[in-house]
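Numbering (the working numbering), first residue to last: 5 to 459.
Right, dumping it as structure tokens:
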């Protein structure tokens with residue numbers, strides 16, 4: 005079981021399933037962050053709106069309860085990806101992203117959500133010589149766009165003053181744009197806030213289909229149906245109820261380990277007094293952070309796609325990946341050898357060819373969707389909720405005017421080309437990591453086409 009979800013004292017009781025027919029003003033499909041934020045903000049915008057949220061299992065059981073707990077302000081899967089894809093809008097996107105993170109912090113306080121929220125920032129690490137130059141250039145790009153006060157370049161000595169590892173050659177510290185939190189507690193707290201705001205939540209109520217007529221949008225469930233004026237789809241990695249969206253999403257599996265709590269000697273060995281989130285700069289990167297009780301979460305590296313976009317519970321466990329991750333952990337922190345891992349888990353996330361969310365509507369503007377967060381949905385899903393509600397209202401806002409919102413990524417090809425292309429890309433990324441970052445012709449072609457596949 006994921007460490008975050010293994011908390012029976014705090015885990016809320018499941019809510020009843022839908023039985024029979026119900027009507028509402030807005031139906032939200034999906035009980036992860038995306039759906040919870042959408043339902044909560046909808047009620048905040050209009051307390052009289054009747055909002056129903058439908059979840060196939062329990063709220064927060066999937067990616068929202070399994071991730072690393074990095075709440076990043078970036079709406080574009082990092083500054084570099086945003087600058088490469090939306091250079092004319094990057095300053096606006098960064099401003100909106102920071103405002104979104106501020107709003108998340110405000111909601112956590114306002115609703116009394118005890119989710120171990122710490123705005124410590126994140127350090128992106130160079131663990132290979134070529135990555136040092138890349139981080140210096142990223143810092144220079146940030147300065148050129150007016151963000152010099154938000155990032156600090158750390159040389160080898162400076163980064164090891166923050167966290168001591170023989171692997172760390174340099175770092176780029178994003179000081180205020182990332183918070184650490186307990187992801188399951190955030191989901192559970194948002195669930196409570198939704199219920200208190202009057203949202204009707206039905207758990208263990210998967211939606212089997214969606215249709216629209218002149219009067220309403222109808223969705224069928226195993227024991228009932230919902231008739232609603234508007235729908236927000238927040239299913240992310242899971243097959244969309246709008247079949248035409250499925251080519252845009254690839255579900256991939258990510259994995260993580262959790263250690264036992266560090267004792268005082270072990271903490272002193274590595275430092276890490278600032279408790280920042282950490283991630284290395286490889287294509288197949290690791291992300292790691294401290295928990296409230298001083299465990300280390302260590303995740304990433306492997307990202308696995310299964311032929312036919314398969315999603316199955318059996319994929320949540322992968323012993324060979326856990327062995328690889330454990331080996332990498334002790335290579336990074338040799339002073340912690342002998343530390344035990346108490347939890348190992350995996351989970352599915354959604355990715356798209358531009359690594360950042362996309363949006364749109366269907367059925368004459370009565371259905372809105374957001375998907376494609378590619379691992380940074382802890383923060384960006386709240387922004388996506390605002391976008392979906394803007395689109396459903398029909399109002400033109402600063403958010404809906406963004407190219408990020410108005411244009412979609414390129415779709416992935418059908419099978420078997422999809423599987424072969426992803427496999428070739430993964431092999432090429434591993435080869436680039438082993439060859440000083442040099443990208444082969446395949447990766448250069450993907451870059452030119454605006455497509456990619458990232459861990």
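We put the beta carbon where it would ideally sit given N, CA and C, even for glycine.
For residue 352 versus residue 309, is the C-beta distance shorter than 7 Å?
For this step, residue 352 is matched to residue 348 along the chain shown. For this step, residue 309 is matched to residue 305 along the chain shown. No. Outside cutoff.
Compute the Euclidean distance between the alpha carbons of residue 439 and residue 138, then round it to the nearest angstrom.
Residue mapping note: residue 439 aligns to position 435 of the chain shown, counting from 1. Residue mapping note: residue 138 aligns to position 134 of the chain shown, counting from 1. Approximately 15 Å, taken between the alpha carbons.
With DSSP as the reference, please indicate the residues paired to residue 58 in a beta bridge.
The residue given as residue 58 occupies position 54 in the chain shown. DSSP output for residue 58 lists 33 and 206 as bridge partner(s).
Within 10 angstroms of the Cβ of residue 338, are there 16 or more other Cβ atoms? Answer buried if so, exposed if not.
Indexing the chain shown from 1 puts residue 338 at position 334. Label assigned to residue 338: exposed.
Does the beta-carbon of residue 97 have 16 or more other beta-carbons within 10 angstroms, so that it is buried, or is it exposed?
Position 93 of the chain shown, counted from the start, is the residue given in the question as residue 97. Buried, since its Cβ has 16 or more Cβ neighbours within 10 Å.
For my contact list, residue 221 and residue 214 are in at a C-beta cut-off of 8 Å; report their separation, rounded to the angstrom.
Stepping through the chain shown from its first residue, residue 221 is reached at position 217. Stepping through the chain shown from its first residue, residue 214 is reached at position 210. Indeed, because the Cβ distance is near 7 Å, the residues count as touching under 8 Å.
Residue range of the beta strand (DSSP E) that residue 455 falls in?
One-based indexing of the chain shown puts residue 455 at position 451. From DSSP, residue 455 is part of no beta strand (DSSP E); its letter is neither H nor E.
For residue 108, name the three-state secondary structure that DSSP assigns.
As a position in the chain shown, residue 108 is number 104, starting the count at 1. Note: residue 108 maps to helix in three-state DSSP.
With a threshold of 6 Å on Cβ separation, who are the neighbours of residue 86 within its own chain once the five nearest residues in sequence on each side are excluded?
Stepping through the chain shown from its first residue, residue 86 is reached at position 82. Taken in chain order, the residues that qualify are 80, 94 and 97.
Looking at the structure shown, is residue 221 part of a helix, part of a strand, or coil, going by DSSP?
Counting from one through the chain shown, the residue named residue 221 turns up at place 217. Strand at residue 221.
If we require 3 or more residues per run, which beta strand (DSSP E) segments fall completely within the stretch 120-155?
126-130
Cα-Cα, which of 247, 37 and 130 is closest to residue 169?
On the chain shown, position 165 is the one that residue 169 refers to. The candidate whose alpha carbon is nearest that of residue 169 is 130.
Per DSSP, residue 25 forms a beta bridge with which residues?
Here residue 25 corresponds to residue number 21 of the chain shown, with the count starting at 1. Residue 25 is bridged to 229.
Check whether the stretch 223-232 touches the stretch 322-342, counting contact only when three or more Cβ pairs, one atom from each stretch, lie closer than 8 Å.
no
Given a cut-off of 7 Å on the beta-carbon distance, is the pair residue 156 and residue 278 in contact?
Start at 1 with the first residue of the chain shown, and residue 156 comes out as number 152. Start at 1 with the first residue of the chain shown, and residue 278 comes out as number 274. Taking 7 Å as the Cβ cut-off, residue 156 and residue 278 do not qualify as a contacting pair.
Out of 41, 299, 201 and 362, which has the shortest C-alpha to C-alpha gap to residue 191?
Residue numbering aside, residue 191 sits at position 187 when the chain shown is read from its first letter. Ranking 41, 299, 201 and 362 by Cα distance to residue 191 puts 41 first.
Report the three-state DSSP secondary structure of residue 321 (helix, strand or coil).
Numbered from 1 along the chain shown, position 317 holds the residue referred to as residue 321. Here residue 321 sits in coil by DSSP.
Please go through the same chain and pick out, in chain order, the residues whose beta-carbon is closer than 8 Å to the beta-carbon of residue 341, but skip the five residues on each side of it.
Taking the chain shown and counting its residues from 1, the one referred to as residue 341 is at position 337. Counting only Cβ-Cβ distances below 8 Å, and skipping sequence neighbours, we find 334.
Leaving out five residues before and five after residue 59 in sequence, what residues of the same chain have Cβ atoms less than 6 Å from its Cβ?
Taking the chain shown and counting its residues from 1, one reaches residue 59 at position 55. So the qualifying residues of the chain are 35 and 207.
Could you say which of 452, 344 and 306 lies nearest to residue 434 if we only look at CA atoms?
Locating residue 434 in the chain shown gives position 430, where the first residue counts as 1. Among 452, 344 and 306, the Cα nearest to that of residue 434 is on 306.
Once you ignore the five residues that flank residue 328 on each side, which residues in its own chain have a CB closer than 8 Å to its CB?
The count along the chain shown starts at 1 and reaches residue 328 at position 324. Excluding residues within five positions, the ones whose Cβ falls inside 8 Å are 305 and 306.
Give the straight-line distance between the Cα atoms of residue 72 and residue 66, rounded to the nearest whole angstrom.
One-based indexing of the chain shown puts residue 72 at position 68. One-based indexing of the chain shown puts residue 66 at position 62. Cα-Cα distance, rounded: 13 Å.
Reducing DSSP to helix, strand and coil, say where residue 284 ends up.
Position 280 of the chain shown holds residue 284. Reduced to three states, the DSSP call for residue 284 is strand.
Whose CA, out of 92, 415 and 453, lies closest to the CA of residue 149?
Here residue 149 is taken as the residue at index 145 of the chain shown, counted from 1. Residue 149 has its Cα closest to that of 92, out of 92, 415 and 453.
Buried or exposed: residue 459, going by 16 or more other Cβ atoms within 10 Å of its Cβ?
Working through the chain shown from its first residue, we reach residue 459 at position 455. No answer about residue 459 holds up, because its pLDDT of 45 lies below 50 and its placement is not dependable.
Tell me residue 253's beta-bridge partners as DSSP assigns them.
One-based indexing of the chain shown puts residue 253 at position 249. DSSP, once it has assigned bridges, lists no residue as partnering residue 253.
Would you tell me roughly how many angstroms separate the C-alpha atoms of residue 412 and residue 391, rounded to the nearest one?
What you label residue 412 is simply residue 408 of the chain shown in a count that begins at 1. What you label residue 391 is simply residue 387 of the chain shown in a count that begins at 1. Approximately 14 Å between the Cα atoms of the pair.
Assuming residue 106 contacts residue 189 (C-beta within less than 8 Å), just tell me the rounded distance between them.
Translated into positions along the chain shown, residue 106 becomes position 102. Translated into positions along the chain shown, residue 189 becomes position 185. Their Cβ separation, rounded to whole angstroms, is 20 Å, which puts residue 106 and residue 189 out of contact at 8 Å.
Opposing strand residues paired with residue 382 [DSSP bridges]:
Numbered from its first residue, the chain shown carries residue 382 at position 378. According to DSSP, which records beta bridges pairwise, residue 382 is partnered with nothing at all.
Classify residue 445: buried if its beta carbon has 16 or more other beta carbons within 10 angstroms, exposed otherwise.
For this step, residue 445 is matched to residue 441 along the chain shown. Exposed, by the Cβ-count rule.
Just how far apart, CA to CA, sit residue 70 and residue 54?
What you label residue 70 is simply residue 66 of the chain shown in a count that begins at 1. What you label residue 54 is simply residue 50 of the chain shown in a count that begins at 1. Taking the straight line joining both Cα atoms gives about 30 Å.
Is the stretch 384-400 close to the stretch 360-374, with three or more CB pairs under 8 Å?
yes
Could you name the residues that DSSP lists as bridge partners for residue 349?
Taking the first residue of the chain shown as position 1, residue 349 is located at position 345. Looking at the DSSP assignment, residue 349 forms a beta bridge with 260.
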